[in-house]
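This report concerns only the one structure given below.
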Amino acid sequence: MKIIAADVIVTSPDRNFVTLKITTDDGITGLGDGTLNGRELSVASYLADHVVPLLIGRDPQRIEDTWQFLYRSAYWRRGPVTMAAIAAVDVALWDIKAKAAGMPLYQLLGGASRNGIMAYGHASGRDLPELFDSIRRHLELGYRSIRVQTSVPGINAVYGVAAQPSLDGKRYDYEPAQRTALPAEEDWDTRAYLRHLPGVFEAVRNEFGPELPLLHDGHHRMTPIQAAKLGKALEPYDLFWLEDCTPAENQESLRLVRRHTTTPLAIGEVFNTVWDYQTLIREQLIDYVRSAVTHTGGITAMRKLLDFAAQYQIKSGIHGPTDISPVGMAAALHLDLAIHNFGIQEYMQHGAATDEVFRQSFSFAEGYLHPGERPGLGVELDEEAAARFPYVPAYLPFNRLKDGTVHDW
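So, in structure tokens, the structure goes:
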């Protein structure tokens, strides 16, 4: 079997996606997700200009060899653009291999380790009544684990709150990358956030009881000591996890957080290699790995990363918002089903236009996802539908403090 074509398809149903389609001389096609929110065209160019010419004539079944070739032969390693491009190739090759074998991908990864994949949804509100209504809606949809994000008095816009205004008129938490000429500028006040948030979780626990798993995303906005303070303050409310409590490029900073709180910690949605995690995993400074298959070199690299984490009783919590295409989501679900150290899967449902472009076999019922039983990933791309939704420039917002200093969003 040989690769005879590799096409990069950029489409924007609901939001921008980058998809790699690899075709073999046997007529088998495989799909990979290379979407990098707000920087999609950089990955599209990397693939089209630098990777696709290297794939023609290669054996698609040599997945590990191709991964190592793309990672090492470029000389310049790591980084989100490189690793998203490699991920697109890797996932497409796994899709081909599973289709050739006539079985769903998870079977090639060792078969199912569970019957379903526990998912969490994104509830949010500008005030407590709105937040409670959002939690109830998610429970009605079948979610059994809920992320809680809330507005903060004195701050005009906060990441993850669906009902707050967006410059392009779209639901804010579905797609925070707004289709505007320049990134939206938002404000931030960490002390106000730290004062407000514990009371929100106290109210949620009082309303919904102790059993419901609750999560929260700090979105990299705190210093280590601020993160430690918040983790300690949230301990009475028994969070499933506190995510991205501080920028973790400085892995040693999590030592300080860990010393001061027993709130479980999840880190890694902006990471793209195992090297970003070495200290965090080896010293057991986190409880959940948050990387996306799409941004971390694909299934090949994520499986190795999660096997490394398993040695330290650290579980998966794979990144799965709507800026991961249904192709990337399906890849995550096959991996989730197969690995032993699964924790939880983030799941935001895509819009109708995205579902028209990407025909999916995975399902969600009673709080659990399943990738389905179709051979391969179980996702097919409708290229005619994709062509109706051309790329539209979009940028993620950024924060400034009250004095005008740029801050983590």
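Residues in the sequence shown are numbered from 1 upward in steps of one, following UniProt numbering.
Idealized CB from N, CA, C, for every residue including glycine.
Being a predicted model, the structure only gives us computed values, none of them experimental.
Can the beta-carbon of residue i be found closer than 8 angstroms to that of residue j?
i: Val-18; j: Gly-34; result: yes
i: Thr-279; j: Glu-252; result: yes
i: Asp-189; j: Lys-402; result: yes
i: Leu-242; j: Gly-218; result: yes
i: Thr-66; j: Arg-58; result: yes
i: Pro-198; j: Phe-240; result: no
i: Ile-155; j: Gly-121; result: no
i: Val-158; j: Val-200; result: no
i: Ala-177; j: Tyr-391; result: no
i: Ile-22; j: Leu-47; result: no
i: Gly-320; j: Gln-345; result: yes
i: Leu-265; j: Leu-230; result: no
i: Pro-13; j: Pro-183; result: no
i: Ser-316; j: Val-293; result: no
i: Ile-28; j: Ala-101; result: no
i: Arg-39; j: Thr-322; result: no
i: Ala-227; j: Cys-245; result: yes
i: Leu-381; j: Val-357; result: yes
i: Arg-126; j: Gln-164; result: yes
i: Ser-124; j: Ala-162; result: yes
Less than 8 angstroms between the CB atoms is what I'm expecting for residue i and residue j, so what's the real figure, rounded?
i: Tyr-106; j: Pro-326; result: Tyr-106 to Pro-326, Cβ: 16 angstroms. No contact.
i: Ala-330; j: Phe-362; result: 6 angstroms
i: Gly-297; j: Ala-74; result: Not really, about 13 angstroms apart at Cβ, beyond 8 angstroms.
i: Ala-84; j: Leu-41; result: Their Cβ separation, rounded to whole angstroms, is 12 angstroms, which puts Ala-84 and Leu-41 out of contact at 8 angstroms.
Who pairs with residue i in a beta bridge, going by DSSP?
i: Arg-114; result: BP columns for Arg-114 are empty, so no partner.
i: Gly-121; result: Ile-146
i: Phe-364; result: Leu-369
i: Tyr-347; result: DSSP, once it has assigned bridges, lists no residue as partnering Tyr-347.
i: Val-270; result: According to DSSP, Val-270 bridges with nothing at all.
i: residue 484; result: No answer is possible for residue 484: it lies beyond the span of the chain, which begins at 1 and ends at 409.
i: residue 413; result: No statement about residue 413 is possible, as the shown extent of the chain runs from 1 to 409 and does not include it.
i: Glu-243; result: Asp-217, Ala-266
i: Glu-130; result: DSSP lists no partner for Glu-130.
i: Arg-359; result: Glu-380
i: residue 429; result: Residue numbering for the chain in the displayed model covers 1 to 409; residue 429 lies beyond these limits and cannot be assessed.
i: Tyr-288; result: Ala-266, Lys-315
i: Phe-308; result: Answer by DSSP bridge pairing: none, since Phe-308 is not bridged.
Shortest alpha-carbon distance to residue i belongs to which of the options?
i: Met-118; options: Tyr-368, Arg-388, Val-379, Tyr-395; result: Tyr-368
i: Glu-64; options: Leu-337, Thr-354, Asn-399, Thr-300; result: Thr-300
i: residue 430; options: Leu-335, Leu-197, Ala-385, Glu-366; result: In the structure displayed, the chain extends from 1 to 409; residue 430 sits before or after that span and is not available.
i: Asp-25; options: Ala-44, Gly-38, Pro-60; result: Pro-60
i: Gly-30; options: Arg-303, Leu-396, Ala-203, Asp-90; result: Asp-90
i: Tyr-237; options: Ala-203, Gly-268, Leu-141; result: Ala-203
i: Asp-49; options: Trp-409, Arg-303, Trp-76, Asp-7; result: Asp-7
i: Arg-221; options: Ser-124, Glu-207, Glu-235, Glu-186; result: Glu-186
i: Gly-111; options: Phe-389, Glu-373, Leu-256; result: Glu-373
i: Val-81; options: Asn-115, Phe-271, Glu-366, Arg-259; result: Phe-271
i: Pro-247; options: Trp-409, Ala-84, Asp-355; result: Trp-409
i: Glu-140; options: Ala-387, Ala-365, Leu-93; result: Ala-365
i: Thr-354; options: Pro-129, Arg-126, Val-379; result: Val-379
i: Pro-153; options: Glu-175, Arg-137, Leu-128; result: Leu-128
The ligand FAD and residue i: does any heavy atom of the ligand fall closer than 7 angstroms to the residue's C-beta?
i: Tyr-347; result: As for the ligand FAD, it is missing from this structure, which has no ligand bound.
At least 3 beta-carbon pairs within less than 8 angstroms: the segment 302–322 vs the segment 280–292: yes
Three or more C-beta pairs below 8 angstroms linking the segment 385–403 and the segment 337–351: Under the Cβ criterion (8 angstroms, minimum of three pairs), the segment 385–403 does not count as touching the segment 337–351.
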